[in-house]
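Everything below concerns the one structure shown next.
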Amino acid sequence: MRLATIAWRGLLARPLRTALAIVGIALGVAVVTATIITGSSSEQALRSATADLLGRADLRLRAFDDAGFRPRTIQALRALPNVEAVAPVSERRLTVSTTPGDNERVFTLLVMGIDPEADALVRDPRLDSGVPLSADSPTDVLAPASWVSRNGLELGDQLLLAGRREGMPPLRIIGLMADTGLAARENGDLLILSRTTLDESFGVPAPIRYLDLDLGDEPDEAAIERVTATLDEPFVVETEADAAAPLASAQEGFVGVALLFGLVSLVLGAFLVGNTMAMTVGERTRELGLLRAAGTTSRQVLGIVLRQAAALGVLGSALGIVAGIVLAAGMIGFLSSTRAVLVVGLPLPIGGLLVAFALGLGVTLVGALVPAMRAARLSPLEALRPSRRTDRGLLDRLRPLIVAELVVVAAAMLLVAVSGIRTPILPVLLSLGLLIGGAVAAAFVLEPLSRITGRPFERFFGAQGRLGRANLSRDRVRTGLTVGAMMIALAAVVALGTVAESARAGTERRVASILPGGHAIRVGLPLDAETFRPTFEATVGVEVASPVLDVPVVRVTDGDQEEAALAGIDPNVFDDENALIISGAPRADAYAALRAGGAVFVPESLARRVGIAVGDVMGLALPGGEIHELAVAGLVEFSLPARTADGALLVSTADARDLFGVTAASLWIMVPQADVPSSVFAAAVRETAVQLAAEPLTARDLAVELSRSLDRLIGLFDALALIAVVIGALGIVNTLGVGIGERVREIAILRSHGMTVGQVQAMVVAEAAMMGAIAGVLAIVTGLLVAFMLVNGGASAELAAGLRLPWPLLVAVLLVGTGVAALAGLYPARVAASLPIVRNLKHFE
Amino acid sequence: MAVILEARDLVKRYPLGEAEVDALRGVSLAVEQGEFVAIMGASGSGKSTMLHLLGGLDLPTSGEVVIDGISISALDEEHRTLTRRAKTGFVFQFFNLIPLLSVGENVALPFLIAGDPASRHRERIAELLALVGLVDKADHRPDQLSAGEQQRVALARALATKPAILLADEPTGNLDYTTGTEILDLLWDSADRLGQTIILVTHDARAAAYADRVLVVRDGEIRDEIALGRRKDHEARPLIRRLAELGL
Ligand SMILES: Nc1ncnc2c1ncn2[C@@H]1O[C@H](COP(=O)(O)OP(=O)(O)O)[C@@H](O)[C@H]1O
Ligand SMILES: [Mg+2]
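Quick mapping for you: the protein sequence lines, in order, are chains A and B.
Numbered by my numbering, the letters in the first sequence go through residues 1 to 845 in order.
Numbered by my numbering, the letters in the second sequence go through residues 846 to 1093 in order.
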């Protein structure tokens, strides 16, 4: 017999426990694998979408003015030498509906107008099915494949543009765009049709927002010079990275959080293995002692234990890779159907899979290292003495584990960094550190916490509750780690839920602050304030329709110029306490200054970036125009959205008109009369919007819209967290099983004193439920800490307002933790209850 | 005096591989209320098996056990447990205590198991601790006690609910002479002073000599019955002489 055989037999002797450990590792590796595959799928999608945004174009010019480029400019550009293609894209936000009837649906989305022939020169229409637009296709429209299927439509279905001229035929979907092409923009809420069709549908043509230019092979500086010299309109050159930036940021956040779950699951798996091996070593102390006495070296003993662990790790990791591929298929399916994150296909990156396998095997070995070393250190004499628990301090027993896990986490992060998946590493690492720290701390707070959380259980379960609680402190390291593992899974749910809730709160605040009264209309082309005000104010129930006079400007500093956006607002409309969150000056002073004129409110993010404070003077000008010096009267946390990421600089309507000559507005704030119900007013606003071929906005819709993709992701992450909870539950099954094995005699004594089968079951279930409850309490504390860290470390302005606690979720975590743990206790409880009394009494006599 | 425990023709057969072992081959006995009976025999003679059947911990292959008028062989598992809870108290050779409960909690265990808050039985628990002389160790953990003290706690616990019958399986088997004597004195005291019915299983004639009556077991059968009567001196010599006469 070889020593390896002993390792095998050790595992086979306890099939259930071995299986649990393997499943634990497999689940952890599965989540990591799924994350790596999904991450790689999303990278691929991002690359392909980015490539399609500009296609073969060498240059994208974005119009600076809302009016866009003039058709004349396109003609001039096409006439230039070296210019092989100019593909103009016009844009307009429109309300679109399906054919009227019972199932009529209404959407507000971005409609892009292209010149089909010119566009074909710069990019291939990436279609899932159907045909591309042709030169004269007045009724044809391309729609994103997932938008079509999500809304129950199909190829050939008709769509109506709201506010379209009388007598125009409906549009027909002739092609389904792949989600990873042009359709990646706007979360896939867009339609593409011919520019001519778009322009002919309405009284005014849609502004041409950008031009994609193919300048032939190897365009030189001179060619680009010639192009820019031809342009009369102000413009900005946009790179591929600029165009893809909004797509990329969502991916990074997603991969980061998914990876956190993967690593959390993996660490849980390692806890499970560590626990399993510790139990095995504990049970087989005598056997190992005999081996030592017979001349087995301590290195050989170490080898036996590590070989067991390696077997678990290899099996678990291999299973995990397979399960991970299945899980990834599910995740990718979910993501592509909900469009929460851009994904394409099911790539199997060999390197990534190897990393997952190595991580699985690695954490298994590290998890087993502590028990293995304990086994190797056993002196033959010590092992042969009747069992006595080494009574070292808790910290002593946990120290190697703490160090080992931190090393694994660091190594894992390094590996991930090397494997090239883009993610903000630091917050993930810190979160993981916090979670593991919390798990290790579980052993220390177990006793006091069990005394508090145990109380309701003792009331409910009586003696069984008391006995169950006593059992928790039988082996505090073992129980602590088991509780800690469950805690990590639940804490991840708490952290995510809290961050999401806080983001939602932030979004609501933000939307409320920029849409006072909660309603607005956005028009594609700015409408003259004086001329159109009566049209807007004809809306039933409106108190006032307030135009936001917007204009692109430049911010002038020491001769340098930077693109900026200016919006003229009516201080009276925005002067309610939820509107515009002002900092840097008292609200009243800030508004007084704005009303008086010559003052500007600056978005906080801009102020922070370039170092502007209240009281400073800011030079603003129309491109090429006179510079106006405005006093910074206040900083706003959120400003009206504009072409620049920071949002618009805000001045009074009067200043916008008098200093910058703006008379038109593309955003109209619709303030309802006090007694008009919001839903009634929303309908009236929608009617006005349709009349004007414009988009109605409500604060509620906007908040939902902004939170939508977050909510979907949270759903997915909760599913991943559930896997982690399952691993935690396996740990509880494992630990309870060992605990019962250790006290068969005790249970027989209890039974002989009249404890019924049901009471024994209740005792074990109570013990399990208490573990779950303690895990839940710790998870809430740790999860909130992690959330606090993520919220305060995050750069997102939505989170600046701080934490908002998702109370129902916190309660649910406590209940689910307790419930799942109690369920996990059912099987061990049955085992305990079916133990024979007499045999277990005799065992020792 | 009333019969409190009766066994009729108990047979216990254990499967042993292909074959079977007859641990008990037809045992009948009756114990009167307040009686102190010892069951004596060599190791493997079937004493423990008999005690387990008498206390309802296990079922006989055939035969019947009647405790305080209840035929426990006819009961289902649940009711047998409840009868055991109500009528019996057990003391085993060692590892009697729940290590994670304090001494006081261990003594209160029968109340806890019955769903009866220990707080309602504070006086009774104090009385029991006083009986076994461990009042000042009520808050200790079992592993902080000596083996003799642990057995005294086990005894206090077995007596807690004033059971109809106290069943003790080699309670002194793990103890030295002095501490063993302390336990036996306590047993005798509870029989004599409190009128406790006791069945004591032992292989030790000196312990059996505390009983009113000794049943001698061999190969799963009661071979003899020696009436000693209640004696304050617990003198073992008459019993030993009698056993010698029987060739045991
Ligand atoms: N569960 C069992 N399976 C098989 N044989 C058993 C079992 N329990 C007891 N025996 C046998 O029954 C006989 C009586 O055992 P026991 O009652 O424990 O004896 P004692 O207590 O007098 O030492 C012995 O031969 C023993 O081997
Ligand atoms: Mg015995």
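Yeah, the Cβ is synthetic: ideal placement off N, Cα and C, and Gly gets one too.
Nearest C-alpha to S149 (chain A) among A:S337, A:I774, A:A529 and A:P586: A:S337.
By the rule that beta-carbons nearer than 8 Å mark a contact, A766 (chain A) does not touch chain B. Shown here, D1049 (chain B) sits in coil according to DSSP, grouped into three states, outside any helix or strand. For L1011 (chain B), the closest Cβ of chain A is not nearer than 8 Å. For K857 (chain B), the shortest C-beta to heavy atom distance toward ligand 2 is 7 Å or greater.
The three-state reading of DSSP puts S41 (chain A) in helix, counting H, G and I together.
E1080 (chain B) counts as exposed, since fewer than 16 other beta carbons sit within 10 angstroms of its beta carbon. Secondary structure note for P552 (chain A): its beta strand (DSSP E) is the uninterrupted segment V542 to T557.
Straight through space, the alpha carbons of T531 (chain A) and W668 (chain A) are spaced by roughly 13 Å. DSSP lists A:G634 and A:L650 as the bridge partner or partners of F601 (chain A). Listed by position along the chain, the residues with Cβ atoms less than 5 Å from a non-hydrogen atom of ligand 1 are B:Y859, B:V866, B:A868, B:S888, B:G889, B:S890, B:G891, B:K892, B:S893 and B:T894. Between the alpha carbons of A883 (chain B) and V765 (chain A) lies a distance of about 40 Å. Apart from sequence neighbours up to five positions away, the residues of its chain that approach F536 (chain A) with a beta-carbon distance below 6 Å are A545 and W668, ordered along the chain. Taking CB atoms only, R929 (chain B) has a neighbour in chain A less than 8 Å away.
Within the chosen limit of 7 Å, ligand 2 does not reach the beta carbon of E880 (chain B) with any heavy atom. With a cut-off of 7 Å, the C-beta of D718 (chain A) is classified as distant from ligand 2, since no heavy atom of the ligand falls inside that distance. Contact of I749 (chain A) with chain B is assigned, a C-beta pair being separated by under 8 Å. Apart from the 5 residues on each side of it in sequence, D189 (chain A) sits with its Cβ closer than 6 Å to the Cβ of L109 in its chain, given in chain order. L176 (chain A) and P116 (chain A) have their C-alpha atoms spaced approximately 15 Å apart. Three or more Cβ pairs drawn from the stretch 209 to 218 of chain A and the stretch 83 to 93 of chain A lie within less than 8 Å of each other, which places the two stretches in contact. Not a single C-beta of chain A is nearer than 8 Å to the C-beta of D988 (chain B). Going by beta carbons, V671 (chain A) and L549 (chain A) fall outside the 8 Å limit. For D1078 (chain B), the shortest separation between its Cβ and any heavy atom of ligand 2 does not lie below 7 Å. When DSSP states are grouped into helix, strand and coil, S337 (chain A) belongs to the helix group. Taking each of A:A243, A:L635, A:L94 and A:L290 in turn and checking the Cα distance to A585 (chain A), the smallest one comes out for A:L635. Note that the C-beta distance between T906 (chain B) and V856 (chain B) is below 8 Å. Taking 8 Å as the cut-off, the beta carbon of S265 (chain A) is found no closer than this to the beta carbon of I732 (chain A). Minimum Cα-Cα distance from P623 (chain A) among the listed residues A:I22, A:G524, A:P836 and A:E233 corresponds to A:E233. The three-state secondary structure of E221 (chain A), taken from DSSP, is helix. Across the stretch 829 to 844 of chain A, CB contacts with chain B closer than 8 Å involve I837, V838, L841, K842 and F844, in sequence order along the chain. Here L580 (chain A) is near S513 (chain A), since their CB atoms are less than 8 Å apart.
One alpha carbon belongs to L527 (chain A), the other to L692 (chain A), and they sit about 10 Å apart. The alpha carbon of V876 (chain B) has as its nearest neighbour, out of B:D1057, B:D1064 and B:F937, the alpha carbon of B:D1057.
For Q759 (chain A), the closest Cβ of chain B is nearer than 8 Å. Burial check for S583 (chain A): the Cβ neighbour count within 10 Å stays below 16, so the residue is exposed. Between R164 (chain A) and D140 (chain A), the beta carbon gap of about 15 Å keeps them out of contact (Cβ cut-off 8 Å).
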